[in-house]
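Notes to accompany the following structure.
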Amino acid sequence: MSIYYIHQDQKRCIGCYACEVHCKTKNNIPVGPRFCRIIPVGPKMIRDIPRQQFIFMPCFHCEQPWCTKACPTGAMQKRSKDGIVFVEQSLCVGCKSCITACPWGVPQWNQETGKVLKCDYCKDRVDKGLKPACVTKCTAHSLKWISAAEASALKREKFAKAITEF
Amino acid sequence: MGETSSVYSMCGMCAVRCPIKVEVEDGVVKWIEGNPHVPGIEGSLCAKGSAGIAFEYDTERPQHPMIREGARGSGKWKKATWDEALDYIAEKLKKITEKYGAKAIALADRSGPFTDLTKSFVKALGSPNYLDHDDTCAKNVNIACQTLFGYGRGELGYDFANTKHIVLYGRNVFESLQVKEVNNILDALDAGAKITYIDCRATVTASKADRFLMIRPGTDYALNLALIHVILKERLYDVDFVNKWVTGLTELESFIVPYTPEWAEKETGISAQEIINLARDLSDAKPKVIFHGGWMLARYLDSFYSSRSIYILNTLMGSIETKGGLIIAKGPKDAGAKPLKSIGDKIPEVKDKIVDADMPNKSLGTGHIVNLYKAIKTGQPYPVKAFFAYRYDPMASLPDPEAQKKVLDNLDLLVSIDVNYSETGWYSDVILPEATYLERSNIIATQKGPKPGFIMRRQAIPPRYDSKPAWEIFTLIVERMGVGQYFPYKSIEDIWNYQLESTGVKIEDFNAKGSVGLSKDPILMGRNDLKFKTPSGKIEFVSQTLTKNKFDSFKAYVTPKKPEKGAFRLTFGRSGVHAHAQSQNNIYLNELISENVLWMNEKEAKDLGIKDGDKVEVSADGYSGKIKAKVTPLIHPEAVFMLHGFGNEIPPKTRSYKKGLRDTKFETGLLETIDPVGGGVAYLECMVGVKKA
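Just so you know, the protein sequences line up as chains A and B, in that order. Taking the working numbering, the leading residue of the first sequence gets 9, the next gets one more, and so forth. Taking the working numbering, the leading residue of the second sequence gets 583, the next gets one more, and so forth.
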């Protein structure tokens, strides 16, 4: 897995789909492919409240990506310095092996070019010390750009707070 | 990479106008984010705001002035230069003024912080007829608020960040969203605040609530009366505050006697015990309690009294001008600063009265758009023959577009000034394309609130098409009408310098953050030193204004109509993705939601043989249309719901053309159906038939 992680605070996510549009405008993606998705789940009645969750699905940037292994041309690559998985457009032949291989449905088909596109965590921004578009502009500050280690610490902290009442 | 620049400005994708930062590379807008300096924003931007780039680079918007060639609405246009279009308008205006007087010219917009320009334009032409859209939005709320406090609803801000309990009546804060408000409310929830959400439909806001009360549509007022009943009976109110600041408590006490929780249960479907519990919980949290008075509350015939009862509840909780409650907005003067100068100061006062000043049997206040339509239709009290719709689309927002066409046909001149092709624009005589919010600067706006200030919308790139900013359009018309001395401005900087003249603030002061604050800390009046702008200086439960105008302060409850079998009350609302009827054609927003669906209750659907995803025919009084059904237990059986703003009928907007249905088309015969006191349109007095298509 890349050294980065996007943490989604479910309590703050309002399912507004802004992250998807932030991504599309930043990466200038045509209609069709989506690098990240908000998947609404529910509503389900829990103690008389119609609870809904909105699950944020970017690329997980796996440590051992299915997509890079499946790619016959070396277009799908993992950056050695931080583990970001991305497509080198000039090498992609549009064989769609990565689409078949990825268990999460992350690689996206670009009808206009006949090549695959995918989330690269906005690596050009990351290289400038900035955060990906989806995180930077998240309407509700639900998405956080942290390391995988920080993510587990954050989760523990939240859990501890949630079970404690004064 | 070539030349880059960045500018602080204000979004224009909806009427919230969030502060933004725009980054430009080689003359192309590459990045828009929420203004990082503004608390509650800090980079955040909603989907619509981000899609501003797609809007800017869209070709499906007006690209040059257009003069109508065929019949109104026929879609036959002549491409015009600005000189041709403005000369055409001026010639018509001169003829109209000659025959009917300048008062026969009207302009309506969607209100907001830049109206000094539009009001001054109308004044310069010599007409009293500046109106806004508020009959279709917050008019009931605004007037209800004024009758209690003497302040309009915009002058009572909500201190969500510090509150303990928020009560929302169909105010779907997480979908019909304002970014700053969303974050303030989420921060409050993180700190342990509660939300009680009351609606006839389960929205995203309901999903975040601590209490969701599914209410029978049209009975909010009954719920409020019962809450007041419990609060007074159990003395759950802030006694000190009410004794000190309220007039008319005794009258309220005797009025409220019959409105017991048990009575309200039968009206609302919410159990009496639930109502009692809610009243007690709220009292425990007082005064850090916010009952949201309503944003868009043009809904029912009693929405004025419903909103008024909400503000009475706030008062009973003592939550006025206190942390975590409702805080009276402060202006520059309250911060010891000088206000902006008004463009209109240099223009002589208009002697004629606004068109609805003396209309018989009228609702409170003046400037009601519904009354303008009446005057256009009847010629009474005097004819109105020219109508400018400035970034305003009444044909998409007021009920019954077909009835509206008949009214508008009485006009000699209908002009639409907009960045979009609007339904009204398509029916008008001239379309003047305004430069987009990324292509124009606006006049400086005052931000009233606990921390008042000034804010600026600043041009990021030159107009991509043959369009102009509003200030220039209005200046050019005023010049052609021979009164150019009232708009002696050659650039937006001329106007800014004039506005700022006595403030001590300079244009360059806006460079650092996009706004200029006038107070470091929030300004709060002392608890014993409150000022209300009512005739008595108190919070008037019994309102002198209402009494003077022969309206009740407390209105007996009338139970709403129950739809017949197979018929439903048509309700409508917003998602977080679209703004009114103006964004459905945006490539990215259209990709997210391209058509609306009809929410209907699962039991009712079953009775009608309708399954989730089936196409259904929705009909009302000779109009019908087809749409997919979303069958759910999470809407009240008496109601159906659709998102507002779909069903565009303007061919150049190809992505949204004829996609989905438009709620206002079903509201046949409702153009003059208004709340009799507040004047807000009673949109939800609309019953539709639904059957499987």
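Using N, Cα and C, we set each Cβ at its ideal position, and we do this for glycine too.
Endpoints, the alpha helix (DSSP H) within which residue i is located
i	result
H665/B	Reading off the sequence, residue 665/B comes out as Asp, not His. Note, D665/B: alpha helix (DSSP H), 664-682.
K776/B	Run containing K776/B: none in the alpha helix (DSSP H); it sits in the beta strand (DSSP E), 776-781.
Y1170/B	1169-1174
W827/B	821-827
Q16/A	Unbroken run through Q16/A is the beta strand (DSSP E), 12-16; no alpha helix (DSSP H).
R1062/B	1052-1062
S998/B	No alpha helix (DSSP H) contains S998/B, which is instead part of the beta strand (DSSP E) from 995-1000.
P866/B	Reading off the sequence shown, one finds Asp at residue 866/B, where the question assumed Pro. Unbroken alpha helix (DSSP H) run through D866/B: 854-867.
N1183/B	Premise fails: N1183/B lies in the beta strand (DSSP E), 1180-1183, not in any alpha helix (DSSP H).
L768/B	761-772
I951/B	951-960
Bounding residues of the beta strand (DSSP E) (the contiguous stretch that carries residue i)
i	result
A690/B	687-691
F1154/B	1149-1155
S1206/B	1205-1214
H747/B	747-751
W117/A	116-118
Q1029/B	1027-1029
T586/B	586-592
CB contact below 8 Å: residue i versus chain A
i	result
V761/B	yes
W613/B	yes
L699/B	no
C628/B	yes
I852/B	no
G625/B	yes
G1158/B	yes
L1174/B	yes
A636/B	yes
N552/B	Outside the shown range of chain B, which is 583 to 1275, sits residue 552/B, and nothing can be said about it.
Length of the line joining the Cα atoms of residue i and residue j
i	j	result
P840/B	A846/B	10 Å
L993/B	A726/B	33 Å
K685/B	F731/B	32 Å
W153/A	I602/B	21 Å
E624/B	H149/A	9 Å
E96/A	P80/A	13 Å
H715/B	D916/B	29 Å
G1035/B	S758/B	25 Å
D1245/B	A109/A	45 Å
S789/B	Y1047/B	44 Å
Q1126/B	G900/B	22 Å
L809/B	C719/B	25 Å
A83/A	Q116/A	14 Å
N806/B	I892/B	7 Å
Proximity test, Cβ basis, 8 Å: residue i and chain B
i	result
E28/A	yes
Q60/A	yes
H149/A	yes
Y12/A	no
K34/A	yes
I63/A	no
C146/A	yes
Y25/A	yes
R20/A	yes
D56/A	yes
V134/A	no
Sequence-distant residues of its chain with Cβ nearer than 8 Å to residue i (five each side left out)
i	result
Y1003/B	E642, R643, P644, I1013, I1232, P1234, K1235
T1057/B	G1066, F1069, Y1071
A1238/B	Note that residue 1238/B is Ser in the sequence shown, not Ala. Within the same chain, S1238/B has close Cβ partners Q1166, N1167, N1172, S1176, F1228, N1230.
Close beta carbons around residue i, own chain, < 7 Å, minus the five adjacent residues each side
i	result
N1178/B	I1209, M1224, L1225, F1228, G1242, L1243
L1112/B	W827, E903
N953/B	V937, D938, M941, K944
Beta-carbon contacts of residue i that lie in its chain and below 6 Å, excluding the five residues immediately before and after
i	result
Y955/B	V989
G1261/B	D717, K721, S945, H950
Assigned secondary structure, residue i (DSSP; H/G/I helix, E/B strand, else coil)
i	result
V786/B	helix
G1260/B	coil
Y129/A	coil
Y1265/B	coil
R1046/B	coil
G634/B	helix
Requested in this report: Output, in sequence order along the chain, the residues in the segment 788-817 of chain B whose CB is closer than 8 Å to any CB in chain E.
Outcome: Given the protein chain composition of this structure (A and B), no chain E is represented.
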